[in-house]
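Heads up: the sequence shown is residues 396 to 1074, going by the working numbering.
Glycine residues also receive a C-beta, built at the ideal position from the N, C-alpha and C atoms.
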Amino acid sequence: MALRGCQDAAARLLESDGIEATCDLYGAMTNTDSKEMLAVQKSYLSQVVQAAIDAKHDNIISGDGEADTLPEIKGNNTNSTHAPAHESNMLYDGIMVSPIVPAVIGPLLDEAVEAGIAVVTYETDAPDSKRAAYVGTNNTFMGMQLARVLKQLRPEGGSFATLWAPVGDSFVQRTEGFRFELLNNSDPDVAWEEVPNSPAPVTKLKDAMEQLNSWANNTLHPPTAIAVLINPLFDAPHYEALVNRYRHLNITWIGIGDTERQMDLLDRNYVHGLLGHLPFDMGLTSVENMMNVIQGRPIEQEYKPTNVVSHIQIPVVLPELVVDHNRVGKLAIIGYIFFAFTGLTSLVLGSWVWYFRNTRVVKASQPIFLLMVAIGVFIMSSGVVPLGLDDSHGDSVAHHVAICMSPLWLVCIGFSVAFAALFSKTRRVNQIFKAGSAITRIKIKTHHVMLQCLGLLGANVLVLSLWTALDPLTYTRADDPGTDGWNRVLSTSGTCQSNQLAPYLVPLVLVNLTCLGIANWQAYEARFIQSEFSEAKYIGITCVSMMQTALIGIPILIVAHDHPEALYLIIVCMIFVVSMAILLLIFIPKMVLMDNYARHSTRTQGRMIQQVIRDQAQQSSALSKKKSQEPSCFSGLDTAAETGMGTESSYSHEIGTTRRLAVYGHMPQPTNGIIEENA
């Protein structure tokens, strides 16, 4: 076939450039004895080089080692191990040769180049020589492709043995590529193992047949597949008898080469898969490179790889294939457990707030906002439920939209409810204490603050409504890259997709980041207010916890975006951590504080609350004095500042019905400020 490629190139030269050239096949061999093959190639190549030096003629020589080209040589016997000698009166302008042992043949190629002969190697290279170019198959790639042919034929895996001939680097590279593909690049669920004494190097057909019999008779480690990387084995007279002898073992036979003999064996089920070269392409490209050298033109590629072609038997009934749809499956149970735990905690804490809503500590903490926090966390944590759904639960468009949009609705609304309540609650406290220090009269009602909270909720609802109506995220399943040997899809993945994410996602993120930022700022402003009135410290700790969760979780989300199971677990865990952080850090300190107050009588609790207010007033006055560097006063702090839920009750029962507490500082003219709530 390489000779035919050479001849085709010669015909093109004659037609296009008027250059007359002929191609001679030289040095074909059919033996597997490496020493004899090397001796034959070295002897004939030496004669060719010497003849090229001594004589002058316009011919191109092709040194092909493929047995299938032997019938094209006039007067040659395909069973002989030596090709006919060349005609000594011929000068060769170019040589294409496949060196068996590059270290030995390389110096001869250097002599040819020095004699003015263009040298191109094919199939086997001599990279350290002065050859002009190398045209041939990447043998490591070829071995890997042969392994993939085996994977097609035996997708369930098994054991394998490899037979090869140590007659050149090409066989070593093929063997390494074949073994690497099976042992390292196979599916983790499909096991391949190599039988003992494999790979087995053989140099004679007799040794090869004995090794094959040894493997087949090994009852402890019988091979399910045998790879034959030496072409002449298929021409052995006893090969067919050996295959018939062990057909009951269901051994898969594969090999390198696609000669007429090998294709006949494939037709008759004596071999099940073959991987062949493209020698015609090798011959054609080699001649083109040689002519570039002869005519002084540059060679575009010093190494020109050629393709390979596979020949396999395609069964009528293909092996069963289980497609991996990458569904969450039973992992959804983890999400349901997390939601059950978080939801139950929210209900318990919300019930606790309602039950103790009239106590001094809970009333000072503004019960309605605490209830909103519990409700918001409950809604946010419920977002893990639709995250565990996929297209196996329904095929309608509405279902596919609900799978993707409902988690966004639940998480965003729940988050904004919880943090809007926190920032509204803290802002209300800040307004009261700041008004007291400014000696003003201020009336702060619950519904005034609720309007701010509803504004943030409305912004979330508006963005989500537009997104859902105009371009909703829709659950879409697509085939993953990669197919099996029969071009069947191996896996699919379901993802939420939208035509345009940015116009909706960016405003949604900004709204919730704004809510989070305001909550943090109000907490910072209230950092000196006692915990009876404000949760500033715990809001800060909550935000730090959320930041840590985001810093750890978001990079992992990016890495795991192609793995639905891992992606689901990460998102569920992040929602769980954030939800529990909000609940525990906001409510547990209140419960501890209430337990401390519950140990005292109602009268004592009132005095404790008043003392907290006095301490807070002194602290605020000190901070104000330090800031202005002038005498100041913090006076007139109403003890009813924190009645919560808009009721008429107050903490000033012990002082009288005027609901006033005057705290005087050092001012030129003492005055008092009064704060009224719900008056």
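Using 10 angstroms around the beta-carbon of residue i, count the other beta-carbons present and answer buried if the total reaches 16, otherwise exposed.
i	result
Gly691	exposed
Lys758	buried
Leu865	exposed
Thr516	buried
Asp662	exposed
Val623	buried
Ala406	exposed
Arg883	exposed
Leu803	buried
Tyr642	The amino acid occupying residue 642 in the given sequence is Arg; Tyr does not appear at that position. Under this definition Arg642 is an exposed residue.
Gln547	buried
Met491	buried
Glu697	exposed
Asp488	buried
Ile728	exposed
Asn825	buried
Pro674	buried
Leu503	buried
Gly511	exposed
Lys985	buried
Arg755	buried
Ala1036	Confidence in Ala1036 is poor, its pLDDT being 36 and thus under 50, which makes the residue's placement unreliable; the coordinate value appears in the next sentence. Ala1036 comes out buried.
Tyr933	buried
Arg994	exposed
Tyr870	buried
Leu905	exposed
Leu896	exposed
Determine, using beta carbons only, whether residue i and residue j come nearer to each other than 8 Å.
i	j	result
Ile774	Val712	no
Leu578	Ser741	no
Ala945	Ile694	no
Phe1077	Pro618	Nothing in the structure corresponds to residue 1077, since the chain is present only between 396 and 1074.
Val590	Ala560	no
Thr557	Ser593	yes
Asn753	Ser888	no
Tyr734	Val768	What sits at residue 734 in the sequence shown is Phe, not Tyr. No.
Leu980	Ile936	yes
Ile621	Trp648	yes
Ser974	Thr737	yes
Ala815	Leu851	yes
Glu518	Arg543	no
Leu846	Tyr899	no
Ala848	Ser886	Rather than Ala, the amino acid found at residue 848 in this sequence is Cys. Against a cut-off of 8 Å, the Cβ pair of Ser886 and Cys848 comes out as no contact.
Glu571	Gly538	yes
Leu716	Asp874	no
Gly730	Val772	no
Asp785	Val856	no
Cys891	Leu911	no
Phe629	Val585	no
Leu545	Gly668	yes
The beta strand (DSSP E) with residue i in it runs from where to where?
i	result
Gly691	No beta strand (DSSP E) contains Gly691, which DSSP labels as neither H nor E.
Lys699	698-700
Ile709	Here Ile709 belongs to no beta strand (DSSP E), and DSSP marks it neither H nor E.
Gly531	528-531
Val723	Run containing Val723: none; DSSP gives neither H nor E here.
Quick one: what's residue i bridged to in DSSP?
i	result
Ile651	Leu670
Thr890	Thr871
Pro596	Trp559
Trp587	Gly553
Val383	The structure shown does not extend to residue 383, since the chain is modelled only from 396 through 1074, so no value can be given for it.
Ile621	Ala556, Trp648
Val884	Thr878
Starting from residue i, follow the alpha helix (DSSP H) in both directions and report where the run begins and ends.
i	result
Gly538	534-548
Ile500	497-509
Ser565	564-579
Phe764	762-776
Phe733	727-750
Pro781	779-782
Lys758	755-759
Glu635	634-640
Mind checking whether the beta-carbon of residue i lies closer than 7 Å to any heavy atom of the ligand NAP?
i	result
Gln696	With respect to the ligand NAP, the structure offers nothing, as it holds no ligand at all.
Alpha helix (DSSP H) segments (min. 4 residues) lying fully within the segment 894-967: Assignment of alpha helix (DSSP H) within the segment 894-967, counting only whole runs of 4 or more residues, yields 897-920, 931-954 in chain order.
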